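**Student:**
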Amino acid sequence: MTHGNVSAEFKKLVNQTAVIHPNEVLLKIASFMGPADEANPSIPAGWTYFGQFVDHDLTFTKTDGMNARTPIFDLDSLYGQGPASEAHGELYEGPSGNETFKTGNPDNPEGDLFRNLESVAQIPDPRNDENIIIASLQLLFQKFHNRLVSHQGMSFAQAKQTVTWHYQSVVKTDFLPRIVGQNRIDEIEKNGRKIFLPSQIDEVFMPTEFSGACYRFGHSMVREMYSFNDKFNNEPSNANLFFKFKGGRPGKNGHQITDKWTLQGNGNSLLRFFDPSILDPVRDADNRSGKIDTKLASTLFNLEVKRGENNVLAHRNLISGQRLGLANGQQVVSAIRTAGVSVSPLTSAEILSNGAPAEIADNTPLWYYTLIEAEVQNNGACLGDMGGTIVAETIIGLLQSDPHSVVNKTTNWPFKLGDQNTDAVSMIDIIGFVGSA
Ligand code: HEM
Numbered sequence: 393m394t395h396g397n398v399s400a401e402f403k404k405l406v407n408q409t410a411v412i413h414p415n416e417v418l419l420k421i422a423s424f425m426g427p428a429d430e431a432n433p434s435i436p437a438g439w440t441y442f443g444q445f446v447d448h449d450l451t452f453t454k455t456d457g458m459n460a461r462t463p464i465f466d467l468d469s470l471y472g473q474g475p476a477s478e479a480h481g482e483l484y485e486g487p488s489g490n491e492t493f494k495t496g497n498p499d500n501p502e503g504d505l506f507r508n509l510e511s512v513a514q515i516p517d518p519r520n521d522e523n524i525i526i527a528s529l530q531l532l533f534q535k536f537h538n539r540l541v542s543h544q545g546m547s548f549a550q551a552k553q554t555v556t557w558h559y560q561s562v563v564k565t566d567f568l569p570r571i572v573g574q575n576r577i578d579e580i581e582k583n584g585r586k587i588f589l590p591s592q593i594d595e596v597f598m599p600t601e602f603s604g605a606c607y608r609f610g611h612s613m614v615r616e617m618y619s620f621n622d623k624f625n626n627e628p629s630n631a632n633l634f635f636k637f638k639g640g641r642p643g644k645n646g647h648q649i650t651d652k653w654t655l656q657g658n659g660n661s662l663l664r665f666f667d668p669s670i671l672d673p674v675r676d677a678d679n680r681s682g683k684i685d686t687k688l689a690s691t692l693f694n695l696e697v698k699r700g701e702n703n704v705l706a707h708r709n710l711i712s713g714q715r716l717g718l719a720n721g722q723q724v725v726s727a728i729r730t731a732g733v734s735v736s737p738l739t740s741a742e743i744l745s746n747g748a749p750a751e752i753a754d755n756t757p758l759w760y761y762t763l764i765e766a767e768v769q770n771n772g773a774c775l776g777d778m779g780g781t782i783v784a785e786t787i788i789g790l791l792q793s794d795p796h797s798v799v800n801k802t803t804n805w806p807f808k809l810g811d812q813n814t815d816a817v818s819m820i821d822i823i824g825f826v827g828s829a
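Just so you know, the sequence shown maps onto residues 393 to 829 in our numbering.
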């Protein structure tokens, strides 16, 4: 099954399956995983939610096991099937060929997404309204598109291309180096990918190891407290605030970002999440991401879920990893080493170093391995050898295999923010451009 010419199937990179742990062991692991909250001094908090935004562009496991997203950086979670489509035509306004996103609502025209009468955001992927920060990122990219049409005279197609290239450049030059380290990227670009091997678009697929385990590293980066704006500068990321957007007047199913909470428009507070140096160290939460480690914030032990659903995220990830038949950390390390990547395996003692149950010493669930590896090898600052390789090879591979991506472009940028001599783009460039509207 395909979406256009990319596969809608998840496929494993490592053709092995871990021996199943009983649920008691998974529960024991989950209960060791926090709640706790330690800052990663080198990564601002906005990158946690940019990471989630990337996840929602690439992967959405449906109940039938297929991927609802195209596994390429095409922003299908932002544009959907476009203004001419029956599915998503209603998300747009303006003359044919120059469409812009509908944004805002009567209560908050500038700082919230376009919502229906029940306050449900009208966007292609509802997960991008799951918390106030990712909803604000969705709005940022919508406004970026709109401004290219209104201020740069671009058509819909030119603006979409420009937004997508900027986003891809941010992924490659501003996000990935923070998550995996520039050295790992340089090595992959020099020596080639060894484990994720598509080279053209019709060979592209989403690796199950990426979506089911390694890329879920971001769950450990969620923090307990954030500085949202001038008034709410040290607020808990509890369920009420995070998922219901405190202060909103929710309809039956939805919620809103009220003008009081808005992260855009007045004061452009989204910048607080990408440049925490503008914050007051005494008054404000530090707006650093959490360490990439085996500890999760309390918010993630109490997810907003439907009655009867599991509300402990760590437990859910561990169950999903087993259901997907993933190899364990040790098997993936050995497959990557065999493929020629230099990876230091963790010892059993290192795996248990944070109090994990002895049962997982030599059969470590891949998600847990990714996190303990980052903790042991890099003190939680970025991913370790195995997790870094899976994440970097997948992201670089998806960009390299897409003939329309920024790394394969054959024409000049129609318009570019930031340094004009390279393809580098930063989130701060985009926030600045949109904020100056
Ligand atoms: C408040 C923040 C977040 C919440 C509440 C959240 C919640 C969830 C939940 C409930 C799932 C489904 C778990 C399951 O039952 O298997 C999930 C899946 C996932 N999450 Fe998160 N997440 C958050 C942030 C992130 C971040 C920051 C990243 C990465 C940087 C991330 C990456 C993923 C991935 C890759 C999946 C699998 C997606 C799929 O294929 O369906 N998440 N998340």
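A virtual CB, placed ideally from N, CA and C, is assigned to each residue, including glycine. Note that this is a predicted model, so its numbers are computed, not measured.
Counting beta carbon pairs with one atom in the segment 670 to 688 and one in the segment 432 to 439, are three or more of them shorter than 8 angstroms?
**Tutor:** The answer is yes - the segment 670 to 688 touches the segment 432 to 439, with three or more Cβ pairs under 8 angstroms.
**Student:** Thinking Phe588 and Pro599 are a contact (beta carbons under 8 angstroms), I'd like their distance in whole angstroms, please.
**Tutor:** Counting from one through the sequence shown, the residue named residue 588 turns up at place 196. Counting from one through the sequence shown, the residue named residue 599 turns up at place 207. Right, the Cβ-Cβ distance comes to about 6 angstroms (below 8 angstroms), so this counts as a contact.
**Student:** Contact between the segment 489 to 498 and the segment 543 to 558 is defined here as three or more beta-carbon pairs at a separation below 8 angstroms; is this criterion met?
**Tutor:** Enough Cβ pairs lie closer than 8 angstroms, so yes.
**Student:** Residue ranges of each alpha helix (DSSP H) run of no fewer than 4 residues wholly in the segment 537 to 572, ordered along the chain?
**Tutor:** You should have 548 to 561 and 568 to 572.
**Student:** Going along the chain, which unbroken runs of the beta strand (DSSP E) with 3 or more residues stay wholly within the segment 403 to 466?
**Tutor:** Those beta strand (DSSP E) runs which fall completely within the segment 403 to 466 and span 3+ residues are 431 to 436.
**Student:** Is Leu705 near the ligand HEM, in the sense that its beta carbon is under 7 angstroms from a heavy atom of that ligand?
**Tutor:** Numbered from its first residue, the sequence shown carries residue 705 at position 313. Correct: Leu705 has its Cβ closer than 7 angstroms to the ligand HEM.
**Student:** Whose C-beta lies closer than 6 angstroms to the C-beta of Thr409 among residues of the same chain, with five residues either side of it excluded?
**Tutor:** Translated into the one-based positions of the sequence shown, residue 409 becomes position 17. Contacts found: Gly717.
**Student:** Taking C-alpha atoms, which residue in Lys652, Phe445, His558 and Thr451 lies nearest to Pro867?
**Tutor:** Examination of residue 867 is not possible in this model, given that the chain is present from 393 through 829 alone.
**Student:** Tell me where the beta strand (DSSP E) around Asp504 begins and ends.
**Tutor:** Here residue 504 is taken as the residue at index 112 of the sequence shown, counted from 1. That run of the beta strand (DSSP E) goes Asn500 to Leu505.
**Student:** Could you please give the first and the last residue of the uninterrupted alpha helix (DSSP H) stretch that includes Asn583?
**Tutor:** By one-based count along the sequence shown, residue 583 stands at place 191. Gln574 to Asn583 is the span of the alpha helix (DSSP H), which, as asked, contains Asn583.
**Student:** Taking 7 angstroms as the limit between beta carbons, can you name the residues of its chain near Pro795, skipping five residues before and five after?
**Tutor:** Sequence index remark: in the sequence shown, residue 795 carries index 403 (1-based). Closer than 7 angstroms at the Cβ level, and outside the excluded window around Pro795, lie Ile593.
**Student:** Taking Cβ to Cβ, would you say Phe442 is nearer than 8 angstroms to Met819?
**Tutor:** The residue labelled residue 442 in the question sits at position 50 within the sequence shown. The residue labelled residue 819 in the question sits at position 427 within the sequence shown. Yes, these two residues count as a Cβ contact at 8 angstroms.
**Student:** Per DSSP, which one or two residues make a beta bridge with Gly485?
**Tutor:** As a working mapping, residue 485 is identified with position 93 in the sequence shown. The amino acid at residue 485 is misidentified as Gly; the sequence shows Glu. DSSP output for Glu485 lists Thr492 as bridge partner(s).
**Student:** Do you know offhand how far Ala753's Cα is from Ile515's?
**Tutor:** Here residue 753 refers to the residue found at position 361 of the sequence shown. Here residue 515 refers to the residue found at position 123 of the sequence shown. Rounded to whole angstroms, Ala753 to Ile515 spans 43 angstroms at the Cα level.
**Student:** Express the C-alpha separation of Ala750 and Lys552 in angstroms, rounding to a whole number.
**Tutor:** As a working mapping, residue 552 is identified with position 160 in the sequence shown. As a working mapping, residue 750 is identified with position 358 in the sequence shown. The alpha-carbon atoms of Lys552 and Ala750 are separated by roughly 51 angstroms.
**Student:** Alpha carbon to alpha carbon, what distance is there between Ser528 and Arg641?
**Tutor:** Taking the first residue of the sequence shown as position 1, residue 641 is located at position 249. Taking the first residue of the sequence shown as position 1, residue 528 is located at position 136. Confidence in Arg641 is poor, its pLDDT being 47 and thus under 50, which makes the residue's placement unreliable; the coordinate value appears in the next sentence. Cα-Cα distance, rounded: 17 angstroms.
**Student:** Cα separation between Ala748 and Phe424?
**Tutor:** Taking the first residue of the sequence shown as position 1, residue 748 is located at position 356. Taking the first residue of the sequence shown as position 1, residue 424 is located at position 32. So the alpha carbons of these two residues sit roughly 7 angstroms apart.
**Student:** Please work out which residues of its chain come closer than 7 angstroms, Cβ to Cβ, to Val406, disregarding the five sequence neighbours upstream and downstream, and give them in chain order.
**Tutor:** In the sequence shown, counting from the first residue as 1, residue 406 sits at position 14. Taken in chain order, the residues that qualify are Glu601, Ala719, Gln723, Val724 and Ala727.
**Student:** For the ligand HEM, is there any heavy atom lying closer than 7 angstroms to the beta carbon of Asp622?
**Tutor:** In the sequence shown, counting from the first residue as 1, residue 622 sits at position 230. No - the ligand HEM has no heavy atom lying nearer than 7 angstroms to the Cβ of Asp622.
**Student:** Any idea what DSSP makes of Gly772, helix, strand or coil?
**Tutor:** As a working note, residue 772 is residue 380 in the sequence shown. DSSP places Gly772 in coil when its eight states are reduced to three.
**Student:** Round the Cβ separation of Ala816 and Thr565 to the nearest angstrom and send it over; I've been treating them as touching at under 8 angstroms.
**Tutor:** Position 424 of the sequence shown holds residue 816. Position 173 of the sequence shown holds residue 565. Contact holds; Cβ gap of about 4 angstroms.
**Student:** Under the DSSP definition of a beta bridge, which residues are partnered with Ala513?
**Tutor:** Here the question's residue 513 lines up with position 121 in the sequence shown. Beta-bridge pairing links Ala513 to Arg507.
**Student:** Per DSSP, Ser399 is paired with what?
**Tutor:** Within the sequence shown, the letter at position 7 stands for residue 399. DSSP output for Ser399 lists Thr394 as bridge partner(s).
**Student:** To the nearest angstrom, how far is the alpha carbon of Glu785 from that of Ile580?
**Tutor:** As a first step, residue 785 must be located in the sequence shown, where it is residue number 393. As a first step, residue 580 must be located in the sequence shown, where it is residue number 188. Approximately 7 angstroms, taken between the alpha carbons.
**Student:** Just grab the DSSP bridge partners of Met598 for me.
**Tutor:** Here residue 598 corresponds to residue number 206 of the sequence shown, with the count starting at 1. Answer is Phe402, bridged to Met598.
**Student:** So, with DSSP's three-state summary, where would you put Glu627?
**Tutor:** One-based indexing of the sequence shown puts residue 627 at position 235. Here Glu627 sits in strand by DSSP.
**Student:** For Thr691, which of Phe402, Ala605, Tyr484 and Gly426 has the nearest alpha-carbon?
**Tutor:** Translated into positions along the sequence shown, residue 691 becomes position 299. Ranking the options by Cα distance to Thr691, first place goes to Gly426.
**Student:** By alpha-carbon positions, which one of His611, Pro668, His647 and Ile649 ends up nearest to Asn625?
**Tutor:** Position 233 of the sequence shown, counting from 1, holds the residue named residue 625. The candidate whose alpha carbon is nearest that of Asn625 is Pro668.
**Student:** Using a Cβ cut-off of 8 angstroms (strictly closer), state whether Glu485 contacts chain C.
**Tutor:** Absent here is chain C; the protein component of the structure consists of one chain.
**Student:** If you follow the beta strand (DSSP E) that Gly682 is part of, which residue opens it and which one closes it?
**Tutor:** Residue mapping note: residue 682 aligns to position 290 of the sequence shown, counting from 1. Arg680 to Gly682 is the extent of the beta strand (DSSP E) around Gly682.
**Student:** So which of Ile822, Pro757 and Gly827 has the shortest CA-CA distance to Lys420?
**Tutor:** Indexing the sequence shown from 1 puts residue 420 at position 28. Here the closest residue by C-alpha is Pro757.
**Student:** How would you call Ala741, buried or exposed, if buried means at least 16 neighbouring beta carbons within 10 angstroms?
**Tutor:** For the purposes of this step, residue 741 is taken as residue 349 along the sequence shown, with counting starting at 1. Exposed, because fewer than 16 other Cβ atoms sit within 10 Å of the Cβ of Ala741.
**Student:** With a threshold of 7 angstroms (Cβ to nearest heavy atom), would His611 be considered close to the ligand HEM?
**Tutor:** The sequence position of residue 611 within the sequence shown is 219, counting from 1. Yes.
**Student:** Using the Cα positions of Asp456 and Arg675, report the straight-line distance between them to the nearest angstrom.
**Tutor:** Residue 456 sits at position 64 when you count from the first residue of the sequence shown. Residue 675 sits at position 283 when you count from the first residue of the sequence shown. In a straight line, the C-alpha of Asp456 is about 48 angstroms away from that of Arg675.
**Student:** What are the partner residues of Tyr830, as DSSP defines its beta bridges?
**Tutor:** This structure cannot settle anything about residue 830, because the visible part of the chain is limited to 393 through 829.
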